[in-house]
Amino acid sequence: MENEIIKILDEDRLLRRAFFKGPSYVREDMTVTSFAFKLRKGEEGLSVDLEKLTSYEKSITNIDKFRLFAVTAKDIRSIELHCAHNPIPDNYAHAEISGTSFSNKKSSQLAKLAVYISYPF
Amino acid sequence: MTALAGRTRIKTEYGNVSSTTTIKRSGCEIIDANTGYLTSGSIHIQAQSYIPKLSGKAIDILYKVFNFGKLKSNWDGNHANVPTEDVIRRAVSFLTLGDESDLPIYFTAPGPNGEIVLEYKNEKNTAEVFFEENTFSEMFLYEDKKMVYSGEVQMNKLIDHLSTD
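As given, the protein sequences belong to chains A and B, one line each in that order. Going by my numbering, 65 is the number at position 65 of the first sequence; the sequence numbering is gapless. Going by my numbering, 1123 is the number at position 123 of the second sequence; the sequence numbering is gapless.
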């Protein structure tokens, strides 16, 4: 079953980890800065987890270092980016956000659309 | 030429103390690297570098920006770069200039590729100003969550956007 690639629906949410300490990508009001959604040089897609295939505990990996933010597939598509399920070893929930125009502008828009996941608190 | 009344302070940007070279040509006596002293007839001009007094929040952000330069390579465990001195210098210069215009600085962070962002916020609007290598910089302006501008950094546009009027 875990070899199956599933279709991501508009209402599905994708989880992205953001640095919470030293330095932090999370502002005092628990919104997130663009850099949490920025591609590194050489990267073609942004790694995320499909919420319905994982748990917050597994997705956050380190509660001292990260906080989780969610974006819906609909929001991602609304700014002309794509998302696709892309399982990797040890993480069936892994997916990628990509697009030919994945610029700073898109990263900034994704950050604005992202919603804080209140976990672990 | 109108005579200057009493002691007159002339404010310039840092590095624009129009320079010791010019003053030397005028035959003045150089007091130190940052200060020129010109005597010509009854006119007395003293030029010195101007160090603006920053707001408390700007000092806090300034401290953070300088500390980005002390990060170790791969600080995120995923090959992140450390901001270069040039990127830090440009961010600090902009932060200082913005603070003189009372821009409400709010947040800063280093990017995974050695970038720095300065973020501003008032009651209704936000702004993100990015500094990257190769002198690249750009800004995004938002009204709530709606992006209303993306493009090159324009200080006047930024001031208008964050004005409380």
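We put the CB at the ideal spot given by N, CA and C, even for glycine.
Could you name the residues of chain A that residue i contacts, counting a contact when the two beta carbons are closer than 7 Å?
i, result
"proline 1052(B)", "By Cβ distance, chain A contributes nothing, its closest Cβ being about 25 Å from proline 1052(B), past 7 Å."
"glutamate 1138(B)", "Asn104"
"asparagine 1113(B)", "Arg40 and Lys41"
"phenylalanine 1066(B)", "Those within 7 Å of phenylalanine 1066(B) in chain A number zero; the least Cβ separation is about 12 Å."
Is DSSP giving residue i helix, strand or coil here?
i, result
"glycine 45(A)", "strand"
"glutamate 1119(B)", "strand"
"aspartate 1032(B)", "Summary for aspartate 1032(B): the model assigns pLDDT 45, below 50, so the residue's position carries little reliability, and this model does not support an answer."
"phenylalanine 66(A)", "strand"
"methionine 30(A)", "coil"
"phenylalanine 37(A)", "helix"
"leucine 15(A)", "strand"
"glycine 1151(B)", "strand"
"tyrosine 56(A)", "helix"
"histidine 94(A)", "strand"
"asparagine 1067(B)", "helix"
"glutamine 109(A)", "helix"
"asparagine 1156(B)", "helix"
"asparagine 104(A)", "helix"
"lysine 1146(B)", "strand"
I'd like to check one pair, residue j with residue i: are the Cβ atoms closer than 8 Å?
i, j, result
"glutamate 1128(B)", "valine 1117(B)", "yes"
"glycine 1114(B)", "threonine 1084(B)", "yes"
"phenylalanine 1140(B)", "arginine 1090(B)", "no"
"leucine 50(A)", "aspartate 12(A)", "yes"
"asparagine 1125(B)", "tyrosine 1149(B)", "no"
"leucine 1071(B)", "proline 1110(B)", "yes"
"serine 108(A)", "serine 34(A)", "yes"
"lysine 106(A)", "isoleucine 79(A)", "yes"
"leucine 1054(B)", "threonine 1108(B)", "no"
Just the chain A side, please: which residues come within less than 8 Å of residue i by C-beta, in chain order?
i, result
"asparagine 1145(B)", "Per the sequence shown, the amino acid found at residue 1145(B) is lysine instead of asparagine. Near lysine 1145(B) (Cβ distances below 8 Å), the residues of chain A are Lys112 and Leu113."
"histidine 1079(B)", "Arg40"
"tyrosine 1149(B)", "Residues of chain A passing the Cβ test: none, with the nearest at roughly 11 Å."
"tyrosine 1142(B)", "Lys112"
Name the chain B residues that come within less than 8 Å of residue i, Cβ to Cβ?
i, result
"phenylalanine 35(A)", "Ala1109, Pro1110, Gly1111, Pro1112, Glu1115 and Val1117"
"serine 24(A)", "Ala1109"
"serine 118(A)", "Within 8 Å Cβ-Cβ: nothing; serine 118(A) doesn't reach chain B, min ~20 Å."
Using a C-beta to C-beta distance shorter than 7 Å, which residues of chain B count as neighbours of residue i?
i, result
"phenylalanine 19(A)", "Asp1076"
"serine 78(A)", "Near serine 78(A) there are no residues of chain B at all, since even the closest Cβ is about 12 Å away, more than 7 Å."
"arginine 13(A)", "Chain B residues near arginine 13(A): none, gap ~17 Å exceeds 7 Å."
"arginine 27(A)", "Phe1107"
"serine 101(A)", "The contacting residues do not exist; serine 101(A) stays about 12 Å from chain B at best."
Counting only Cβ pairs nearer than 9 Å, list the residues of chain A close to residue i.
i, result
"glutamate 1152(B)", "Going along chain A, no residue has its Cβ under 9 Å from glutamate 1152(B), so there is no contact; the nearest lies around 12 Å."
Using a threshold of 7 Å, is the CB atom of residue i nearer than that to any non-hydrogen atom of the ligand NAD?
i, result
"leucine 1118(B)", "With respect to the ligand NAD, the structure shown offers nothing to examine, as it has no ligands at all."
I want to verify the contact list: residues of chain B whose CB lies under 9 Å from the CB of residue i, in sequence order.
i, result
"serine 98(A)", "Result: empty, since nearest Cβ-Cβ is about 16 Å, beyond 9 Å."
Using a Cβ-Cβ cut-off of less than 8 Å, list which residues of the region 1084 to 1099 of chain B approach chain A; keep chain order. Residues passing the 8 Å Cβ filter: none.
Near-chain B residues of the region 40 to 69 of chain A - C-beta to any C-beta below 8 Å: Within the region 40 to 69 of chain A, the qualifying residues are Arg40 and Lys41.
Residues of the region 1118 to 1135 of chain B with a CB closer than 8 Å to any CB of chain A: list them in chain order, please. Within the region 1118 to 1135 of chain B, the residues whose Cβ lies closer than 8 Å to some Cβ of chain A are Glu1119, Glu1128 and Phe1130, listed in chain order.
Taking one C-beta from the region 15 to 22 of chain A and one from the region 66 to 74 of chain A each time, how about it: are there three or more such pairs within less than 8 Å? The region 15 to 22 of chain A, when compared against the region 66 to 74 of chain A, does touch it at the 8 Å Cβ threshold.
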